[in-house]
Amino acid sequence: MSREYNPGFDEENVNEDDRPLLQNNTLGVENAAFVNTDEGNHEQDSRLNGSMPTVMCRVCENNIPYDKNSMQHVVRCNQCNEATPIRAPPSGKKFVRCPCNCLLICKVSSNRISCPRANCGRVIILQPPSTQGSTVPAPAGTARVQCFYCKEVFMFNTLASCIAACPHCQKRSSVGASYVRIRSFAFFFGALLSLLATICVIIGTAGSSEFFVYIIWLCLIGSTVFCSYRFYRFATLKISKVLGPLDVRVAEASFHSFSGQLRTSLCEEARCPNIGECWGGGEDVPSTATIMLMGDTCTRGCRFCSVKTARTPGALDPEEPLNTAKAVASWGVDYIVLTSVDRDDLVDGGSAHIAQTISHLKQECPHVLVEALVPDFSGKLDCIKTVALSGLEVYAHNIETVRRLTPGVRDPRAKYDQSLKALEHAKRSNPLLVTKSSIMLGLGEEEEEILQTMKDLRDVGVEALTLGQYMQPTKRHLLVKDWVTPRKFDELKAVGDEMGFLYVASGPLVRSSYRAGEFYLKNIVNRRLNREQVTSSL
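Counted the way the UniProt record's numbering counts, the sequence shown spans residues 1 to 538.
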């Protein structure tokens with residue numbers, strides 16, 4: 001059950017079953033994919049009034065003053081009259097934002113809720129039934145592991161090592177039994193052979209007083225001790241259970257029918273673990289696609305990316321912009337993400353090709369909101385401006401990692417400051433754009449470096465940020481240095497909210513094109529477009 005959440009509402013004295021759930025579809029049914037179900041603590045200190053803290057309204061972006069010592073969970077905006085959370089919901093509850101902007105509260109276990117407003121009445125599906133389909137493998141070697149000590153489940157990539165430190169309890173264990181068994185037997189026989197060799201050599205050279213004989217004795221004894229110690233360590237190492245590979249269920253009809261109309265889908269090329277969430281819609285539920293333009297071969301060789309590379313990829317397909325627009329128009333989606341490989345072999349880096357695709361998209365389906373995840377175009381400002389003014393709503397470029405690690409993680413042609421300047425120039429060229437970037441965690445960065453990178457992005461006007469766990473796609477790519485805990489991702493999200501980002505998606509499986517923020521980004525874009533129309537009419 002749900003109800004509209006009012007400031008000062010007495011949570012404990014209201015029966016959850018006071019209002020019956022709508023049982024029919026006469027007023028419309030919304031899928032949870034289009035509802036922001038993660039509106040939590042968005043508290044931030046006001047820079048305009050040092051004594052009275054404010055929070056930004058999540059609907060009209062107006063600053064709302066509130067009493068920091070109050071026990072209320074939400075405040076109401078005086079401008080749009082909608083509620084905005086200032087604290088996390090009560091235990092066992094969660095906030096849900098209806099498409100009509102009504103803020104609802106319901107149980108965490110709720111499967112669906114209905115909006116109580118008379119002019120809305122939507123039924124919002126929170127946990128739709130799983131769609132059966134084909135299985136698309138996640139990055140090779142990635143598995144779900146249950147820790148032997150704390151029994152918590154975490155992800156681990158067995159390509160890197162089979163000894164894992166649990167991100168929850170920090171204790172080390174073996175992922176699966178085969179790793180420790182093989183090494184236990186190997187070191188056992190090594191210790192046994194070293195012991196026999198030591199005994200034989202000592203007996204055979206007992207009467208010798210040469211110095212080198214004592215050196216041989218020490219080496220053999222040291223080898224025996226080392227092998228014995230390693231055997232003991234592996235024999236006593238606890239074994240964490242492998243629950244299975246991190247496979248993703250995909251709606252076969254939607255994914256294969258969509259991807260079959262295009263030359264390349266980034267979801268497959270980049271081995272994204274969220275492929276099932278974004279492509280999982282059916283005929284009545286719009287899906288979200290991420291399309292990779294300009295082929296499947298990149299001219300840069302970043303050490304974390306599984307996309308194919310070459311110095312001179314094939315020529316661009318002149319029909320791709322129009323074909324892409326027609327394909328998207330046939331799907332019935334209302335949010336599309338366009339991305340591309342780097343094409344340093346082209347004079348403009350492919351910016352005109354991307355802009356032409358966006359232009360065709362707007363002609364074929366003007367209602368579709370377009371997000372473009374684009375390269376840095378080697379820092380060419382005119383190319384960045386071409387894409388920024390092409391009609392898109394969200395301009396995205398990933399900074400990927402912190403400044404210190406950039407030279408070893410990204411291609412030498414991709415520079416930290418160059419990425420910041422690209423995002424800044426895009427915003428300056430078109431202030432109506434929502435600018436967006438992404439950071440991978442787990443490559444050996446320090447927390448201070450992450451916070452500095454977030455600050456650098458905010459300083460150049462970036463408004464949307466995604467933070468996700470790096471997972472090694474193949475053996476030839478960078479190893480995972482750290483597995484970041486879900487709690488740490490939550491903490492970084494809270495910091496991002498305090499910094500002033502309009503939207504932060506933070507979690508182990510979050511990627512730059514992850515669908516979690518699309519509903520909220522759509523609201524931001526629509527509000528800005530409406531505001532601009534009102535201003536121009538005046």
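Positions of the beta carbon are idealized from the N, C-alpha and C atoms, including for glycine.
Under a Cβ-count criterion, where at least 16 other Cβ atoms within 10 Å of its own Cβ denotes burial, should residue i be classed as buried or exposed?
i    : result
I203 : exposed
A177 : exposed
A388 : buried
P90  : exposed
T357 : buried
G408 : exposed
V136 : Its pLDDT being 41, under 50, V136 is placed unreliably by the model, and the measurement read from it follows with that caveat. So V136 counts as buried.
Q469 : buried
H360 : buried
L432 : exposed
R122 : buried
I215 : exposed
C100 : exposed
R511 : buried
L193 : exposed
Assuming contact is defined by CB atoms lying nearer than 8 Å, are residue i and residue j in contact in what I supplied?
i    : j    : result
G349 : S378 : yes
A422 : I450 : no
G301 : G314 : no
L293 : I354 : yes
L443 : T406 : no
R117 : T84  : no
C227 : F187 : yes
K238 : F148 : yes
I113 : L103 : no
E364 : K326 : yes
P508 : V484 : yes
Q72  : C60  : no
D345 : T312 : yes
I221 : T198 : yes
M440 : V495 : no
C98  : C77  : no
L322 : I291 : no
What three-state label does DSSP hand residue i in the structure shown?
i    : result
R476 : coil
P486 : helix
A464 : strand
A143 : strand
R343 : coil
P318 : coil
F156 : strand
G121 : coil
T401 : coil
R263 : In this prediction, R263 has a pLDDT of 46, which is less than 50 and means its spatial position is unreliable; what the coordinates show is noted afterwards. In this structure, R263 counts as coil in the three-state DSSP scheme.
N81  : coil
L361 : helix
E61  : coil
R428 : helix
M71  : coil
C383 : helix
M454 : helix
M440 : strand
K493 : helix
I86  : coil
F95  : strand
So, for residue i: in the same chain, excluding its five sequence neighbours on each side, which residues have a beta-carbon less than 7 Å away from its beta-carbon?
i    : result
S437 : A396, H397, N398, I399, L423, L457, V462, L465
S184 : F231, F234, A235
K107 : G92, K93
D334 : P286, H367, V368, L369
P375 : S340, D342, G349
E445 : T401, V402, L405
Beta-carbon within less than 6 Å of residue i's beta-carbon, same chain only, minus the 5 sequence neighbours each way: which residues are those?
i    : result
L195 : T224
S506 : L467, F489, L492, K493
C298 : V307, T309, V341, D342
L381 : H425
C169 : Y149, C150
V460 : L420, L423, E424
P167 : F154, W483, T485
Excluding the 5 residues preceding and the 5 following residue i in the sequence, name in chain order all residues of the same chain whose CB lies nearer than 8 Å to its CB.
i    : result
V145 : V153, F154, M155, F156, A164, V175, S240, K241, V242, L243
C200 : none
P75  : A small correction: the amino acid at residue 75 is Val; Pro does not occupy that position in the sequence shown. P7, V55, I64, Y66, A83, T84, I86, listed in sequence order.
S429 : I384, K385, A388, L389
Q23  : At Q23, the pLDDT of 33 sits below 50, so the modelled position is not reliable and the matter cannot be decided from this model.
Q452 : V402, R403
Examine the ligand SAM and report whether any of its heavy atoms sits within less than 7 Å of the Cβ of residue i.
i    : result
K380 : This structure simply doesn't include the ligand SAM, nor any ligand for that matter.
| query | At which residue ranges does the segment 172-202 contain complete alpha helix (DSSP H) runs of 4 or more residues, listed in the order of the chain? | reply | For the segment 172-202, not a single whole alpha helix (DSSP H) run of length 4 or above is found.
| task | Scan the segment 214-244 and note each continuous alpha helix (DSSP H) run of 4 residues or more that stays entirely inside, going in chain order. | result | Given a length threshold of 4 residues, the segment 214-244 has no whole run of the alpha helix (DSSP H) inside it.
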